[in-house]
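Asker:
2 protein chains.
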Amino acid sequence: MLSKKSQYAFKALTYLSEKFNEGPVLISEIARKKKIPLKFLENILLELKKADILDSKKGKGGGYFLKKSPEKIKVSTVIRLINGPISMLPCVSLYFYERCKNCNEKSCGLHDLMIQVRDATLEIVENRTLKDLVV
Amino acid sequence: MLSKKSQYAFKALTYLSEKFNEGPVLISEIARKKKIPLKFLENILLELKKADILDSKKGKGGGYFLKKSPEKIKVSTVIRLINGPISMLPCVSLYFYERCKNCNEKSCGLHDLMIQVRDATLEIVENRTLKDLVV
DNA sequence: ATAAAGTCCACTAACTTGGTGGGGTGTTTT
DNA sequence: AAAACACCCCACCAAGTTAGTGGACTTTAT
Numbered sequence: 001m002l003s004k005k006s007q008y009a010f011k012a013l014t015y016l017s018e019k020f021n022e023g024p025v026l027i028s029e030i031a032r033k034k035k036i037p038l039k040f041l042e043n044i045l046l047e048l049k050k051a052d053i054l055d056s057k058k059g060k061g062g063g064y065f066l067k068k069s070p071e072k073i074k075v076s077t078v079i080r081l082i083n084g085p086i087s088m089l090p091c092v093s094l095y096f097y098e099r100c101k102n103c104n105e106k107s108c109g110l111h112d113l114m115i116q117v118r119d120a121t122l123e124i125v126e127n128r129t130l131k132d133l134v135v
Numbered sequence: 136m137l138s139k140k141s142q143y144a145f146k147a148l149t150y151l152s153e154k155f156n157e158g159p160v161l162i163s164e165i166a167r168k169k170k171i172p173l174k175f176l177e178n179i180l181l182e183l184k185k186a187d188i189l190d191s192k193k194g195k196g197g198g199y200f201l202k203k204s205p206e207k208i209k210v211s212t213v214i215r216l217i218n219g220p221i222s223m224l225p226c227v228s229l230y231f232y233e234r235c236k237n238c239n240e241k242s243c244g245l246h247d248l249m250i251q252v253r254d255a256t257l258e259i260v261e262n263r264t265l266k267d268l269v270v
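Those protein sequence lines, which keep their order, are chains R and E.
According to my numbering, the first sequence is numbered sequentially starting from 1.
According to my numbering, the second sequence is numbered sequentially starting from 136.
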């Protein structure tokens, strides 16, 4: 399941996608419009900034804005950043791989199955962007 | 991600699938062969029994065994029982549904996307059984 | 200078995960 | 009948994660 943090991140990013190219948006505005706890949102946006997804401007007239256009930001990128692995097992993860102890991956039925699940999921989230979230 | 508990459950169930129709298997045997902490495994097997997946026999010659044949036990059933929801959002879950507050499901881009992910995942885990985990 | 707005650090309550310990209950064998 | 066997059940625990909060600091515009 996606954490609340991830859901907040997507809400905020969707909002910023709608306002893309309209200049900086206040954290407080996003928090109010999307009903996200202000201080928590602060952390989230900062994290997205450090990951090069958002940029910000301080002082009057400042705020947050998308660093790239919405169709260039993949859903999978946001999930991995805020939520963590997309795979259901570490031994099957592309970005968070850890080998299975007590299970040789060559002959593990669960391993093979979870690769299929991973690929089916990636097929979707790697090919959708913030643009697709705006309806 | 699947919890360690879920991974243990699948290891144990795979082992019991291999020994299907060979009579009861000791918890301690499963624990030793699959390297699962004994007491933890006890809890897991009991839970699987209460869910009608396993059955058990007490006293000498006792142990655990599959209640149905391996090809009748779906992977999805086990995941839902031990791990919880398969969906990435509560508002998209078939078995653990909770409505989204602050997000009308009619017009939520993330909602629609996560339905696609859910269906792609279900397509796999609903159509695989314990039999498929034995290689 | 002052106010606006993001940055950073540290802390916390509640919950979940991954266990462990010990006694109780039912079955089989002797 | 009693001992041995093996599952059943309850309660507890440490560590980590989640979902925040509070307060001081820095940068920028006017």
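Where a beta carbon is used, it is the ideal one built from N, C-alpha and C, also for glycine.
Remember, it's a predicted structure, so these values are computed and weren't measured experimentally.
Identify, in the order they occur along the chain, each residue of the same chain with its Cβ nearer than 7 angstroms to the Cβ of Lys137 (chain R), setting aside the five sequence neighbours on each side.
Answerer: The question about residue 137 (chain R) has no answer, for chain R in this structure spans 1 to 135.
Asker: How many Å lie between Leu216 (chain E) and Gln7 (chain R) at the Cα?
Answerer: Approximately 24 angstroms, taken between the alpha carbons.
Asker: For the putative contact between Met223 (chain E) and Met1 (chain R), defined by C-beta atoms under 8 angstroms, what is the C-beta separation to the nearest angstrom?
Answerer: 6 angstroms between Cβ atoms; contact.
Asker: Do Ile44 (chain R) and Ala255 (chain E) have their C-beta atoms within less than 8 angstroms of each other?
Answerer: No, these two residues do not count as a Cβ contact at 8 angstroms.
Asker: Among the candidates R:Arg118, R:Asn83 and R:Ser69, whose CA atom is the shortest distance from the CA of Ser93 (chain R)?
Answerer: Nearest option by C-alpha distance: R:Arg118.
Asker: Would you please verify whether the beta carbon of Asn239 (chain E) is less than 8 angstroms from any beta carbon of chain R?
Answerer: No, Asn239 (chain E) lies away from the interface with chain R (no Cβ there is under 8 angstroms from its Cβ).
Asker: Cα separation between Thr149 (chain E) and Lys169 (chain E)?
Answerer: Their Cα atoms are separated by approximately 10 angstroms.
Asker: So, helix, strand or coil for Gly198 (chain E), using DSSP?
Answerer: Correct three-state label for Gly198 (chain E): strand.
Asker: The alpha helix (DSSP H) that contains Ser17 (chain R), what's its start and end?
Answerer: Segment Lys4 to Glu18, the alpha helix (DSSP H) holding Ser17 (chain R).
Asker: By the three-class DSSP mapping on this structure, what secondary structure does Lys49 (chain R) have?
Answerer: Of the three classes helix, strand and coil, the one that applies to Lys49 (chain R) here is helix, per DSSP.
Asker: Return the first residue and the last residue of the beta strand (DSSP E) that Leu54 (chain R) is part of.
Answerer: Segment Leu54 to Lys57, the beta strand (DSSP E) holding Leu54 (chain R).
Asker: Can you give me the Cβ contacts of Leu176 (chain E) inside the same chain, cut-off strictly under 7 angstroms, excluding the 5 residues immediately before and after it?
Answerer: The residues are Tyr143, Ala147, Ile162, Ile165 and Ala166.
Asker: Can you list the residues of chain R that Thr212 (chain E) reaches, using a CB-CB cut of under 7 angstroms?
Answerer: Within 7 angstroms Cβ-Cβ: nothing; Thr212 (chain E) doesn't reach chain R, min ~14 angstroms.
Asker: Would you say Phe175 (chain E) lies against chain R (beta-carbon separation less than 8 angstroms)?
Answerer: Not closer than 8 angstroms to any Cβ of chain R, the Cβ of Phe175 (chain E) fails to qualify, so no.
Asker: To the nearest angstrom, how far is the alpha carbon of Gly63 (chain R) from that of Lys5 (chain R)?
Answerer: Answer to the nearest angstrom: the Cα atoms are 20 angstroms apart.
Asker: For the candidate residues E:Ser204, E:Ile250 and E:Lys154, whose alpha-carbon lies nearest to that of Thr264 (chain E)?
Answerer: The shortest C-alpha separation from Thr264 (chain E) is found at E:Ser204.
Asker: Chain E beta carbons: is any one of them nearer than 8 angstroms to that of Phe65 (chain R)?
Answerer: Answer no: the Cβ-Cβ gap between Phe65 (chain R) and chain E never drops below 8 angstroms.
Asker: Taking the alpha carbon of Lys131 (chain R) as the point to measure from, which residue in R:Asn21, R:Ile115, R:Val75 and R:Ile79 has its own alpha carbon closest?
Answerer: The option with the nearest alpha carbon to Lys131 (chain R) is R:Val75.
Asker: Strictly below 7 angstroms CB to CB, what residues from chain E border Pro85 (chain R)?
Answerer: What Pro85 (chain R) touches in chain E: Met136.
Asker: Would you kindly check if the distance between the Cβ of Phe65 (chain R) and the Cβ of Gly84 (chain R) is under 8 angstroms?
Answerer: In this structure, Phe65 (chain R) does not lie closer than 8 angstroms to Gly84 (chain R) by Cβ.
Asker: Start and end of the alpha helix (DSSP H) containing Glu29 (chain R)?
Answerer: From DSSP, the alpha helix (DSSP H) with Glu29 (chain R) extends over Ile27 to Lys34.
Asker: What does the alpha-carbon distance come out to for the pair Leu133 (chain R) and Leu122 (chain R)?
Answerer: Cα-Cα distance, rounded: 16 angstroms.
Asker: Terminal residues of the continuous alpha helix (DSSP H) containing Ser107 (chain R)?
Answerer: Careful: Ser107 (chain R) lies outside any alpha helix (DSSP H) and carries neither H nor E.
Asker: Going straight from the alpha carbon of Phe145 (chain E) to that of Glu261 (chain E), what length do you get?
Answerer: Answer to the nearest angstrom: the Cα atoms are 15 angstroms apart.
Asker: Got a sec, what are the start and stop residues for the alpha helix (DSSP H) Leu133 (chain R) sits in?
Answerer: Where Leu133 (chain R) is concerned, the enclosing alpha helix (DSSP H) stretches over Leu130 to Leu133.
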